[in-house]
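Only one structure is covered here, and it is reproduced in the block below.
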Amino acid sequence: MKVNVLLSTYNGETYIKEQLDSLLKQTLIIDTNIIIRDDGSTDNTLKIIEEYIKDHPNIRYYTGENLTPGKSFWNLLQNSDEADYFAFCDQDDVWDEDKLEVAINSLKEYDDIPALYFSDARVVDSQLNLVSKTVTHENFSITYPHSLLGNMYPGCTYIFNKKAWELCKQLDVTNIDFDIHDWTVYKIVACFGKVILDKRPHMSYRQHGDNIMGFNNKIKRILHSFTIFHKKNRGLRRKNALILENTYGDMMNEENREITHAIAHYNKDRKCKKFITHSKCFKFPGVKYYLFMLLVRINIL
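In the numbering used here, the protein residues as written are 652 to 952.
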């Protein structure tokens with residue numbers, strides 16, 4: 652059994668050693684490869700990686716122009732060699748020793764379909780002091796319609812199988828506005844396969860600078876999740892649904908094709924907007940639902 656850990660780095664000299672050490676301590680004794688793409692670092696990140704490579708031949712890296720995180724991770728996904736399982740990995744976190752073992756044991760029974768595992772995580776500060784025992788205190792429904800509305804947990808908790816990797820590779824992001832690799836994988840697998848949520852944390856998710864504030868303020872977290880304060884992100888869900896429709900529309904079943912089309916075209920088609928506002932598949936509890944409906948009505952979802 653082979654696992655490829657996909658790690659994108661950018662000026663990560665401060666924390667990269669702790670992350671690599673945690674990857675090398677995984678309890679699952681298998682063929683594990685750590686594939687690193689450096690996104691144009693100008694610090695000592697590559698020197699540190701080269702030192703690790705001397706003693707650990709299962710680590711390798713390549714470099715490229717600065718693509719920003721989403722496209723850098725997608726470049727890793729598309730250029731990775733074949734494996735049974737794949738894991739996204741950020742440069743500044745610390746994994747529990749059982750992270751891969753728990754995930755792969757959860758995925759094994761779904762090897763014949765695209766499958767994705769993700770989990771909760773402990774939120775920590777720059778010195779690994781505990782900030783929160785969970786990334787989110789909210790309840791989610793794992794369905795394809797809900798996946799189109801927002802991501803649930805950070806991509807650094809994602810592990811997915813070969814079938815999911817093969818399906819995701821079909822999406823070419825070269826000439827499109829794209830910067831959400833993890834959410835994209837979630838939507839694709841939710842549409843065609845199985846998504847597994849583990850509510851137990853298996854890693855320390857490091858937040859530094861102002862990032863921590865989002866986890867301590869529920870209202871801010873909800874508003875941020877709908878990107879209402881960022882003009883460049885208005886219409887994000889519609890644009891992403893259009894990308895999915897153009898790439899995978901012919902492969903979708905009738906129900907998922909209708910749902911994807913409605914999100915992709917609701918701003919110009921009254922029938923699509925009516926479908927969204929009246930369909931039970933988009934109904935979910937809490938204040939997010941009313942914010943979601945507001946954004947649909949004013950065409951900025």
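Positions of the beta carbon are idealized from the N, C-alpha and C atoms, including for glycine.
Check, Outcome
"Is G839 near C819, with beta carbons less than 8 Å apart?", "Checking the sequence shown, residue 839 turns out to be Ile, not Gly. Yes. Within cutoff."
"DSSP beta-bridge partners for W746?", "M854"
"Among T696, T719, I685, whose alpha-carbon lies nearest the alpha-carbon of P708?", "I685"
"So the candidates are Y761, R888, N918, E817; which of them puts its Cα closest to the Cα of L799?", "R888"
"Go through its chain and collect everything with a Cβ distance to L657's Cβ below 7 Å, but skip five positions before and after it.", "I686, F724, L727, L728, S731, F737, A738, F739, C740"
"Using beta-carbon positions only, say whether M652 and D735 come within less than 8 Å of one another.", "yes"
"Any idea what DSSP makes of L625, helix, strand or coil?", "Lying outside 652 to 952, the shown extent of the chain, residue 625 is not represented and no answer is given."
"So, helix, strand or coil for N756, using DSSP?", "helix"
"Taking the beta carbon of M902 as the centre, do at least 16 other beta carbons fall within 10 Å, making it buried, or is it exposed?", "exposed"
"What would DSSP say about S930, mapped onto helix, strand or coil?", "coil"
"Within the region 666–715, note down every full beta strand (DSSP E) run reaching 3 residues or more, in order along the chain.", "682–689, 710–714"
"Determine the contact status of D689 and E664, defining contact as a CB-CB distance below 8 Å.", "no"
"In this structure, what does DSSP give as the bridge partners for S770?", "D849"
"So what does DSSP say about V947, is it helix, strand or coil?", "helix"
"When we look at the beta-carbon of H929 and count the other beta-carbons within 10 Å, is it buried (16 or more) or exposed?", "exposed"
"Sorted by chain position, which residues of the same chain lie with C-beta nearer than 6 Å to I910's C-beta, five sequence neighbours on each side aside?", "P796"
"Check each candidate in V782, K759, F811 and name the one with the smallest Cα separation from S770.", "F811"
"My output table needs one value for N918: the three-state DSSP class, helix, strand or coil.", "coil"
"Are three or more beta carbon pairs between the region 740–749 and the region 661–676 nearer than 8 Å?", "yes"
"Taking buried to mean at least 16 other C-beta atoms within 10 Å of its own C-beta, is G721 buried or exposed?", "buried"
"According to DSSP, simplified to helix, strand and coil, what is F935?", "coil"
"In terms of DSSP beta bridges, what is T660 paired with?", "D689"
"Please state the DSSP three-state secondary structure of V836.", "helix"
"Within a Cβ cutoff of 6 Å, which residues of the same chain sit near Y768, ignoring the five residues on either side of it in sequence?", "A754, S757, L758, I810, I847"
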